[in-house]
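Take a look at the structure below.
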Amino acid sequence: MKANNKEITRREFIKKTSTVTAVLGAAAAAPLLGGIGCSPKKEFILIGHPNPSTGPLSGFGEASPWADERAIEAINKEGGIYIREYGKKLPIRLRMVDTESDSSKAADLAAKLILNDKVDLMVALHTPDTVNPVDAMCERYQVPCISLDSPVEPWLEGGPYKWSFHAFWKVGSAANLFASMWNKFAGQTSKVVGGFWPNDPDGVAWATVLKEKLPKLGYRVVDPGRFPYMNKDFSSFITLFKKEKVDIITGCLIPPDWATLWRQCHQQGYIPKMATIAKACLFPTDVEAIGGDLAQGLTTEIWWSPNHPFKSSLTGESSSEFCSAWTAETGKQWTQPIGFKYAAFEIAFDALKRAQSIDKEKIRQAIAATDMDTLVGQIKYNSENYSETPLVGGQWVKGKKWPWDLEIIYNEDHSYIKKTAEMIFPLPA
């Protein structure tokens, strides 16, 4: 299976920086490094990054290579990371490959990065579809891995972990967040929730957790069952929800499936009072693709934004400054994964700096001992190798500069994150 490395696209992003440009093809051009032991020819630390640059999860992968290379540039500015066994600093080099949003390809490419490219460390991000298979390969071949941007519960299904360390929020926390947003208008709804959960690791985890938690929070759940990707007809779901008087819907879908579903809801005259959708409603491009004004009032989770009061451990840039830099350099609106991509390399730098070694066991131990503040908040791993990050509630509204803006409308569990708007209720028909 051929790895799609997206070399040209990465160069286009970073032409302005010669140091970073040298990074992009170096792993493929350099002689392969043998094993995990010391070698006098070792001239850099190689990090692998399987990334969904294309496919239905490409919205998650869009910020690579920009965020990755911004972090690597900051790390390499002073020559890299001091490695005691070599008595010198070694720069970071990156090997990014495109998983095409495919779980099997993610696993295959991760194995090739380990066995062929001899990566010293792996980073993995973006939903269980592409995080879990990469972590599985790292566990198999005993390579330290830093993963983020995948809910904790489906990530734990791949454990127990020794070599992989994860940071993100829990589906259980999202369930509490969703119910808290709905509770604001509980007296004006039936408190019956319909779920759209596909037959994938995310869908299975979300269905399991929400069906257990929501009844305890006063909501009845109607679950029509799992469905495959790229489903073309949701009529039976909509008919059932009408019958059961469902006026709140939730789900965790890929963006194309949500666009199909939401259009069919409107075509069939079914407009719930609230729609809180994970995964599919995170990015402005995906929201805009739904068409017309159909995105107005949709709610979702927010894991990172310009309003999060966190700073880069590498440069001191705030979340707001980081988003502004992204827009200035790419001409695009900020998205939530940008901060998490960058944070992966903050964690890697911190661990390597403390390890002062490229021995994989020493790197693993250093990652396990992580306790630091990053662009996405504090990272400190527990006994199950994960660190939970904060979550607030968001809602899409017509934008001023951009077609759509994601406002923070619920922050009661994390009041240090600024609330930017009041919630629109009910959804416009």
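Be aware that the sequence shown starts at 648, since it is given in the numbering used here, and climbs by one per residue. Even glycine gets a Cβ: it sits at the ideal position worked out from N, Cα and C. These numbers come from a predicted model, not from an experiment.
Residue 793 beta carbon less than 9 Å from that of residue 757:
no
Could you check if residue 940 is buried or exposed, using at least 16 other CB atoms within 10 Å of its CB as the buried criterion?
exposed
Once you ignore the five residues that flank residue 1000 on each side, which residues in its own chain have a CB closer than 7 Å to its CB?
728
Cβ-based burial, residue 921 [other Cβ within 10 Å; buried from 16]:
buried
Just the Cα atoms here: how many angstroms apart are residue 887 and residue 857?
19 Å
For a quick check, are the C-beta atoms of residue 731 and residue 693 less than 9 Å apart?
no
Helix, strand or coil at residue 1051 [DSSP, three-state]
strand
On the criterion of 16 or more Cβ atoms from any shown chain inside 10 Å, does residue 873 qualify as buried, or is it exposed?
exposed
Using C-beta distances below 7 Å, list every residue in its chain close to residue 814, excluding the 5 sequence neighbours before and after it, in chain order.
795, 1026, 1033, 1034, 1036
Alpha helix (DSSP H) containing residue 819: first to last residue?
818-830
Hey, how far is the Cα of residue 779 from the Cα of residue 801?
8 Å
Closer than 8 Å by C-beta to residue 1051: which residues in its own chain qualify, once you throw out the five before and the five after it? Chain order, please.
931, 934, 935, 942, 1043, 1044, 1045
Candidates 775, 788, 973, 785: closest to residue 799 by CA position
775
Check residue 742 in the structure and name its three-state DSSP category.
strand
Of all the options 988, 786, 691, which has the alpha carbon lying nearest to the alpha carbon of residue 700?
988
What does DSSP give as the partner residues of residue 1042 in its beta bridges?
946, 1054
Proximity to residue 720 [Cα-Cα], best of 992, 1076, 958, 1041:
992
May I have the straight-line CA-CA distance separating residue 803 from residue 962, to the nearest angstrom?
32 Å
Which runs of the beta strand (DSSP E) at least 3 residues long sit entirely within the segment 692-755? Give them in chain order.
692-698, 728-730, 735-737, 739-745
Range of the contiguous alpha helix (DSSP H) that encloses residue 781
774-788
Buried or exposed: which applies to residue 751, given that a residue is buried once 16 or more other Cβ atoms fall within 10 Å of its Cβ?
exposed
Residue 1068, buried or exposed, once every other Cβ within 10 Å from all chains shown has been counted against 16:
exposed
Please work out which residues of its chain come closer than 7 Å, Cβ to Cβ, to residue 810, disregarding the five sequence neighbours upstream and downstream, and give them in chain order.
785, 786, 789, 790, 791, 792, 1011
Using CA coordinates, which residue listed in 1015, 982, 1075, 733 is at the minimum distance from residue 952?
982
Candidates 777, 828, 697, 1022: closest to residue 1060 by CA position:
828
Whole runs of the beta strand (DSSP E) within the segment 878-923, excluding any shorter than 3 residues
895-899
What would DSSP say about residue 1012, mapped onto helix, strand or coil?
helix
Quick check: the Cα distance between residue 1064 and residue 1054, rounded to an integer number of angstroms?
12 Å
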